[in-house]
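In UniProt numbering, the protein residues as written are 1 to 272. First comes the structure, then the notes that go with it.
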Ligand SMILES: Nc1nc2c(ncn2[C@@H]2O[C@H](COP(=O)(O)OP(=O)(O)OP(=O)(O)O)[C@@H](O)[C@H]2O)c(=O)[nH]1
Ligand SMILES: [Mg+2]
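Encoded structure:
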């Protein structure tokens, strides 16, 4: 197990918007809006209306980034862990949680989101099944964020007992982020998770991870396949997919903004 601070000694390159804004236009767009970058490789006539539903402008991205930067009056901290709902912190702040197959990159994504707050510790491992508890993080007085144990790898019991109960019972849960590996695409266990979210009737959004490892062709295939699935089979899923690389920070700025938005911390989203 590696214990890494969110930003190490200094935040990694491209973790901050100011660094991204120094890139030339095309790289900047690709980094901030990875889904948009794929548009130009689609066959003419492909419906791309679902690619730009959430498309904030720079001021909104900047406001969201401020939320993810800790300060004296704005502490961001790991709060506590819980193996049962009875142990979950009784906070009424708006909350978001991250679920997905084991090893899909949940903890890495949370670490990337918090990379501008070096004191926040998020545990990440090369061994699947690393996260065994629900880990709660508190972002000042604005919202809480929960890293969940993964499903699909020696974790069905944990998942049923912890995650299902959490999803059903957590009153302040504003949105569930369901992660799918951008290289391997939708798996059988993901279908089961989607069916569960649909059955509970809670709002969720699908995030494709590790896009730095997927070729453009493979990524396009997975994006189109999942979009079709969302359109045909789901009610509670936000129609736009989010693509991220926690390594290269693609899509991470946009996701910070979406988290800020769904937790009610970005009242007006100005579009670019
Ligand atoms: N190339 C690449 N690797 C990634 C990315 N995100 C995560 N990984 C790697 O994927 C592995 C699993 O990442 P974790 O963040 O621990 O995955 P998890 O979903 O939290 O896993 P569990 O806690 O077991 O459920 C680690 O080796 C990460 O370094 C990414 O964006 N790009
Ligand atoms: Mg984890």
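Backbone N, C-alpha and C define an ideal beta-carbon position, used for all residues, glycine too.
Residues bridged to residue 137 (per DSSP) | As a first step, residue 137 must be located in the chain shown, where it is residue number 137. According to DSSP, which records beta bridges pairwise, residue 137 is partnered with 78, 145.
By how many angstroms is the C-alpha of residue 146 removed from the C-alpha of residue 86?
-> The sequence position of residue 86 within the chain shown is 86, counting from 1. The sequence position of residue 146 within the chain shown is 146, counting from 1. About 15 Å.
Contacts around residue 89, its chain only, beta-carbon distance under 7 Å, and the 5 residues preceding and following it disregarded | Here residue 89 refers to the residue found at position 89 when the chain shown is read from its first residue. 79, 80, 136, listed in sequence order.
Since I believe residue 29 is in contact with residue 37 (beta carbons under 8 Å), could you give me their beta-carbon distance rounded to a whole number of angstroms?
-> Numbered from 1 along the chain shown, position 37 holds the residue referred to as residue 37. Numbered from 1 along the chain shown, position 29 holds the residue referred to as residue 29. The pair is a contact, with the Cβ atoms about 6 Å apart (cut-off 8 Å).
With distances taken from CA atoms, which of 204, 230, 246, 209 is nearest residue 262?
-> For the purposes of this step, residue 262 is taken as residue 262 along the chain shown, with counting starting at 1. Measuring C-alpha to C-alpha distances from residue 262 to each of 204, 230, 246, 209 identifies 204 as the nearest.
Mark residue 18 as exposed unless 16 or more other C-beta atoms lie within 10 angstroms of its C-beta, in which case mark it buried.
-> In the chain shown, the residue the question calls residue 18 occupies position 18. Classification of residue 18: exposed, given that the 10 Å Cβ count is below 16.
Straight-line Cα distance separating residue 71 from residue 182 | In the chain shown, counting from the first residue as 1, residue 182 sits at position 182. In the chain shown, counting from the first residue as 1, residue 71 sits at position 71. Straight-line Cα distance between these residues: approximately 34 Å.
Tell me the start and end of each unbroken alpha helix (DSSP H) in the segment 36 to 84 that is at least 4 residues and wholly inside, in chain order.
-> 58 to 67
Does the segment 165 to 183 come within contact of the segment 113 to 127, defined as at least 3 CB pairs closer than 8 Å?
-> no
Alpha helix (DSSP H) runs wholly inside the segment 101 to 136, at least 4 long, in chain order | 106 to 113
Spatial distance of residue 101 from residue 176 (CA atoms) | The residue given as residue 101 occupies position 101 in the chain shown. The residue given as residue 176 occupies position 176 in the chain shown. About 14 Å.
Confirm the yes/no value for this check: CB of residue 107, any heavy atom of ligand 2, distance under 6 Å.
-> If you number the chain shown from 1, residue 107 lands on position 107. Residue 107 has its Cβ nearer than 6 Å to a heavy atom of ligand 2.
State yes or no: is the C-beta of residue 87 nearer than 6 Å to some heavy atom of ligand 4?
-> The model on display carries ligand 1 and ligand 2 but not ligand 4.
Relative to the alpha-carbon of residue 254, which residue among 171, 20, 41, 218 has its alpha-carbon at the smallest distance?
-> For the purposes of this step, residue 254 is identified with residue 254 of the chain shown, where counting begins at 1. The shortest C-alpha separation from residue 254 is found at 20.
Would you kindly work out how many angstroms separate the C-alpha atoms of residue 105 and residue 12, rounded to a whole number?
-> Along the chain shown, read from residue 1 onward, the residue named residue 105 stands at position 105. Along the chain shown, read from residue 1 onward, the residue named residue 12 stands at position 12. Residue 105 and residue 12: Cα-Cα distance of roughly 18 Å.
Could you tell me which residues DSSP puts in a beta bridge with residue 207?
-> Counting from one through the chain shown, the residue named residue 207 turns up at place 207. Beta-bridge pairing links residue 207 to 179, 242.
How is residue 266 classed by DSSP in three states: helix, strand or coil?
-> For this step, residue 266 is matched to residue 266 along the chain shown. Of the three classes helix, strand and coil, the one that applies to residue 266 here is coil, per DSSP.
May I have the straight-line CA-CA distance separating residue 222 from residue 186, to the nearest angstrom?
-> Here the question's residue 222 lines up with position 222 in the chain shown. Here the question's residue 186 lines up with position 186 in the chain shown. Rounded to the nearest angstrom, the two C-alpha atoms are 8 Å apart.
What are the boundary residues of the alpha helix (DSSP H) that residue 273 is part of?
-> In the structure displayed, the chain extends from 1 to 272; residue 273 sits before or after that span and is not available.
Tell me where the alpha helix (DSSP H) around residue 165 begins and ends.
-> The residue you call residue 165 lines up with position 165 of the chain shown. Residue 165 -> alpha helix (DSSP H) spans 165 to 169.
Residue 4: buried (16+ other C-beta within 10 angstroms of its C-beta) or exposed?
-> In the chain shown, residue 4 corresponds to position 4, counting from 1. Confidence in residue 4 is poor, its pLDDT being 46 and thus under 50, which makes the residue's placement unreliable; the coordinate value appears in the next sentence. So residue 4 counts as exposed.
Taking residue 257 as the reference, which of 96, 40, 39 has the closest Cα?
-> Reading the chain shown from its first residue, position 257 is the one you call residue 257. Minimum Cα distance to residue 257 is reached at 96.
Span of the alpha helix (DSSP H) around residue 200 | Numbered from its first residue, the chain shown carries residue 200 at position 200. Here the alpha helix (DSSP H) through residue 200 covers 188 to 200.
With a threshold of 6 Å, establish whether the CB of residue 266 neighbours any heavy atom of ligand 1.
-> Along the chain shown, read from residue 1 onward, the residue named residue 266 stands at position 266. No, Cβ of residue 266 sits at least 6 Å from all heavy atoms of ligand 1.
CB residue 124 to CB residue 107, shorter than 7 Å?
-> Sequence index remark: in the chain shown, residue 124 carries index 124 (1-based). Sequence index remark: in the chain shown, residue 107 carries index 107 (1-based). Cβ distance < 7 Å, so residue 124 and residue 107 count as in contact.
What's the C-alpha gap between residue 200 and residue 22?
-> Locating residue 200 in the chain shown gives position 200, where the first residue counts as 1. Locating residue 22 in the chain shown gives position 22, where the first residue counts as 1. Cα to Cα, residue 200 sits roughly 44 Å from residue 22.
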